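Chemist: Sending over a structure as structure tokens; questions will come in a sec.
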Amino acid sequence: MFFLTPVLVAVVCILIVWIFKNGDGSSKRRKGEPRARAEVRPWVDEDLKDNTDLHQGEEDANDRQESEEDVEHIPFSHTRYPEKEMVKRSQEFYALLSKRRSVRFISSEQVPMEVIDNVIKTAGTAPSGAHTEPWTFVVVKDPDVKHKIREIIEEEEEINYLKRMGRQWVTDLKKLRTNWVKEYLDTAPVLILIFKQVRGVAASGKRKVHYYNEISVSIACGILLAALQNAGLVTVTTTPLNCGPRLRVLLGRPTNEKLLMLLPVGYASKEATVPNLTRKPVDQIRVIV
Numbered sequence: 001m002f003f004l005t006p007v008l009v010a011v012v013c014i015l016i017v018w019i020f021k022n023g024d025g026s027s028k029r030r031k032g033e034p035r036a037r038a039e040v041r042p043w044v045d046e047d048l049k050d051n052t053d054l055h056q057g058e059e060d061a062n063d064r065q066e067s068e069e070d071v072e073h074i075p076f077s078h079t080r081y082p083e084k085e086m087v088k089r090s091q092e093f094y095a096l097l098s099k100r101r102s103v104r105f106i107s108s109e110q111v112p113m114e115v116i117d118n119v120i121k122t123a124g125t126a127p128s129g130a131h132t133e134p135w136t137f138v139v140v141k142d143p144d145v146k147h148k149i150r151e152i153i154e155e156e157e158e159i160n161y162l163k164r165m166g167r168q169w170v171t172d173l174k175k176l177r178t179n180w181v182k183e184y185l186d187t188a189p190v191l192i193l194i195f196k197q198v199r200g201v202a203a204s205g206k207r208k209v210h211y212y213n214e215i216s217v218s219i220a221c222g223i224l225l226a227a228l229q230n231a232g233l234v235t236v237t238t239t240p241l242n243c244g245p246r247l248r249v250l251l252g253r254p255t256n257e258k259l260l261m262l263l264p265v266g267y268a269s270k271e272a273t274v275p276n277l278t279r280k281p282v283d284q285i286r287v288i289v
């Protein structure tokens with residue numbers, strides 16, 4: 001009896017330690033579960049995960065900017081068209097935009113830089129939160145820089161296709177015949193990289209909040225696509241997953257800018273093809289209340 005008692009005590013101690021370890025492990029797993037669930041969302045780009053909009057009210061009191069002086073208001077000049085002219089113009093604009101396609105076969109033929117400047121100015125007419133205009137359009141023409149961009153994107157995209165994106169996403173892309181090889185990044189005469197500015201700097205030097213920066217820049221991207229189509233140029237919208245930090249460093253952009261979209265821009269090559277897709281009719285995308 002006296003010989004067994006120490007053994008039993010040791011067994012009990014081991015059991016207690018084992019129970020506590022398992023308890024800690026399970027609690028750690030529970031705490032880690034939200035992060036595990038987040039990791040299966042490959043479409044969330046780490047470079048775009050910022051809390052600019054969520055915690056605007058928590059700015060340091062020393063960083064808060066003073067209100068700007070009142071902006072003068074001027075009479076609004078607007079052209080109102082007769083109803084028949086409105087219908088005609090809306091039909092013509094739809095006919096133009098309905099021909100817009102994502103083109104991955106882009107000619108190396110140079111495009112006029114005046115056109116590129118004009119379409120970017122057009123994108124800059126987009127509305128923005130508190131008129132902060134939180135966008136930066138980086139135009140890349142240098143062949144060496146374009147090739148470095150391609151190398152960065154293809155390296156990350158290969159990982160995306162093989163690991164990050166998941167089987168379903170890759171399966172859904174098969175009909176479009178896309179992969180991580182992005183030849184158009186070399187051949188397109190112009191690359192336009194659109195960065196969102198998560199914050200700015202006021203005239204006083206203090207940090208300036210850019211409200212709804214991602215929505216504002218997304219609207220500007222939509223207008224840019226329409227302007228490119230109107231000018232007779234083609235592009236394909238690309239959102240290089242997890243490439244933002246490296247591309248930002250390559251292009252010398254500040255840390256308050258996050259890459260939102262990259263557009264290779266040019267003329268369609270003679271061999272260009274696109275998937276034979278159709279768009280939803282208006283009664284499937286419009287609801288009247």
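Taking the UniProt record's numbering, I'd label the letters of the sequence shown as residues 1 to 289.
Cβ atoms here follow ideal geometry from the backbone N, Cα and C, with glycine treated the same way.
Values in this document were obtained by computation on a predicted structure and should not be read as measured data.
#1: Excluding sequence positions up to five away, which residues of its chain have a Cβ less than 6 Å from the Cβ of T187?
#2: What are the uninterrupted segments assigned as alpha helix (DSSP H) that are 4 or more residues long and contained completely in the segment 198–244, given in chain order?
#3: Would you kindly work out how many angstroms separate the C-alpha atoms of Q110 and S128, rounded to a whole number?
#4: Using the rule of at least 16 other Cβ atoms within 10 Å of the residue's Cβ for burial, across every protein chain shown, is M261 buried or exposed?
#5: Any idea if L228 is buried or exposed, counting beta-carbon neighbours within 10 angstroms, 16 or more meaning buried?
#6: Figure out for me which residue from L233, L251, V87 has the closest Cα to the Cα of V115.
#7: Would you decide whether A123 is buried or exposed? Buried here means 16 or more other CB atoms lie within 10 Å of its CB.
#8: DSSP beta-bridge partners for M261?
#9: Which parts of the segment 65–150 are runs of the beta strand (DSSP E), unbroken and 3 residues or longer, counting only runs that do not cross its ends?
#10: Pull up the distance between the alpha-carbon of I285 and that of V138, whole angstroms please.
#11: Ends of the alpha helix (DSSP H) at Y184?
#12: How would you label R177, buried or exposed, when you count the other beta carbons within 10 angstroms and need 16 or more for buried?
#13: So the candidates are Y81, K99, P264, E83; which of them puts its Cα closest to the Cα of Y184?
#14: Tell me where the alpha helix (DSSP H) around R253 begins and ends.
#15: Can you name, in chain order, every residue of its own chain whose Cβ lies under 6 Å from the Cβ of A130, other than the five neighbours on each side?
#16: For V274, name the three-state secondary structure that DSSP assigns.
#17: On the premise that P134 lies in contact with K206, defined as a C-beta separation below 8 Å, what is that separation, rounded to the nearest angstrom?
#18: Our contact map puts C221 next to I152 with C-beta atoms below 8 Å; I'd like the distance itself, whole angstroms only.
#19: What number of angstroms, rounded off, separates the C-alpha of E92 from the C-alpha of K84?
#20: Can the beta-carbon of E247 be found less than 7 Å from the beta-carbon of L259?
#21: Going by Cα to Cα distance, which pick from S98, H73, Y267 is closest to P189?
#22: Considering only the alpha carbon of each residue, which of R199, K174, F76 lies closest to Y161?
#23: Provide the residue(s) that pair with N266 in DSSP beta bridges, ordered along the chain.
#24: Between which two residues does the alpha helix (DSSP H) carrying L173 extend?
#25: Tell me whether N179 is buried or exposed, calling it buried when 16 or more other Cβ atoms sit within 10 Å of its Cβ.
#26: Is there at least one non-hydrogen atom of the ligand SAH closer than 6 Å to the beta-carbon of P127?
#27: Taking all protein chains shown into account, decide if S98 is buried (16 or more other Cβ within 10 angstroms of its Cβ) or exposed.
#28: Under DSSP, the alpha helix (DSSP H) around I288 begins and ends at which residues?
Modeler: Reading from the atomic positions:
#1: The residue you call residue 187 lines up with position 187 of the sequence shown. Around T187: I106, S108.
#2: For the segment 198–244, the continuous alpha helix (DSSP H) assignments of 4+ residues that do not extend past its boundaries occur at 213–230, in sequence order.
#3: As a position in the sequence shown, residue 110 is number 110, starting the count at 1. As a position in the sequence shown, residue 128 is number 128, starting the count at 1. Near 32 Å, if we compare the C-alpha coordinates of S128 and Q110.
#4: As a working note, residue 261 is residue 261 in the sequence shown. Classification for M261: buried.
#5: What you label residue 228 is simply residue 228 of the sequence shown in a count that begins at 1. Buried is the call here.
#6: Locating residue 115 in the sequence shown gives position 115, where the first residue counts as 1. Comparing Cα positions, the closest option is L233.
#7: Your numbering for residue 123 matches position 123 in the sequence shown. When all chains shown are included, A123 counts as buried.
#8: On the sequence shown, residue 261 is found 261 positions in, with the first residue counted as 1. DSSP lists I194 as partners of M261.
#9: Restricted to the segment 65–150, the beta strand (DSSP E) segments that are unbroken, complete and at least 3 residues in length are 135–140, listed in chain order.
#10: Working through the sequence shown from its first residue, we reach residue 285 at position 285. Working through the sequence shown from its first residue, we reach residue 138 at position 138. So the alpha carbons of these two residues sit roughly 33 Å apart.
#11: Here residue 184 refers to the residue found at position 184 when the sequence shown is read from its first residue. For Y184, the enclosing alpha helix (DSSP H) begins and ends at 184–187.
#12: Against the sequence shown, residue 177 aligns to sequence position 177. It counts as exposed.
#13: Numbered from 1 along the sequence shown, position 184 holds the residue referred to as residue 184. Per the Cα distances, P264.
#14: Working through the sequence shown from its first residue, we reach residue 253 at position 253. No alpha helix (DSSP H) holds R253; DSSP gives it neither H nor E.
#15: Position 130 of the sequence shown, counting from 1, holds the residue named residue 130. So the qualifying residues of the chain are Y211.
#16: Within the sequence shown, numbered from 1, the residue matching residue 274 stands at position 274. Coil.
#17: Locating residue 206 in the sequence shown gives position 206, where the first residue counts as 1. Locating residue 134 in the sequence shown gives position 134, where the first residue counts as 1. The pair is not a contact, with the Cβ atoms about 16 Å apart (cut-off 8 Å).
#18: If you number the sequence shown from 1, residue 221 lands on position 221. If you number the sequence shown from 1, residue 152 lands on position 152. The C-beta distance from C221 to I152 rounds to 21 Å, too long to fall under 8 Å, and the pair is not in contact.
#19: On the sequence shown, residue 92 is found 92 positions in, with the first residue counted as 1. On the sequence shown, residue 84 is found 84 positions in, with the first residue counted as 1. Spanning the two alpha carbons is a distance of roughly 12 Å.
#20: By one-based count along the sequence shown, residue 247 stands at place 247. By one-based count along the sequence shown, residue 259 stands at place 259. Rather than Glu, the amino acid found at residue 247 in this sequence is Leu. At the C-beta level, L247 and L259 come within 7 Å of one another.
#21: Here the question's residue 189 lines up with position 189 in the sequence shown. Cα-wise, what sits closest to P189 is Y267.
#22: In the sequence shown, residue 161 corresponds to position 161, counting from 1. Comparing alpha carbon positions, the residue from R199, K174, F76 closest to Y161 is K174.
#23: Counting from one through the sequence shown, the residue named residue 266 turns up at place 266. Note that residue 266 is Gly in the sequence shown here, rather than Asn. G266 is bridged to V234.
#24: Here residue 173 refers to the residue found at position 173 when the sequence shown is read from its first residue. Start and end: 167–173.
#25: If you number the sequence shown from 1, residue 179 lands on position 179. Around the beta carbon of N179, fewer than 16 other beta carbons lie within 10 angstroms, which makes this residue exposed.
#26: No copy of the ligand SAH occurs in the structure displayed, which carries no ligand at all.
#27: Along the sequence shown, read from residue 1 onward, the residue named residue 98 stands at position 98. Answer is exposed; the Cβ neighbour count stays below 16.
#28: Counted from its first residue, the sequence shown places residue 288 at position 288. Unbroken run through I288: none, as it is neither H nor E.
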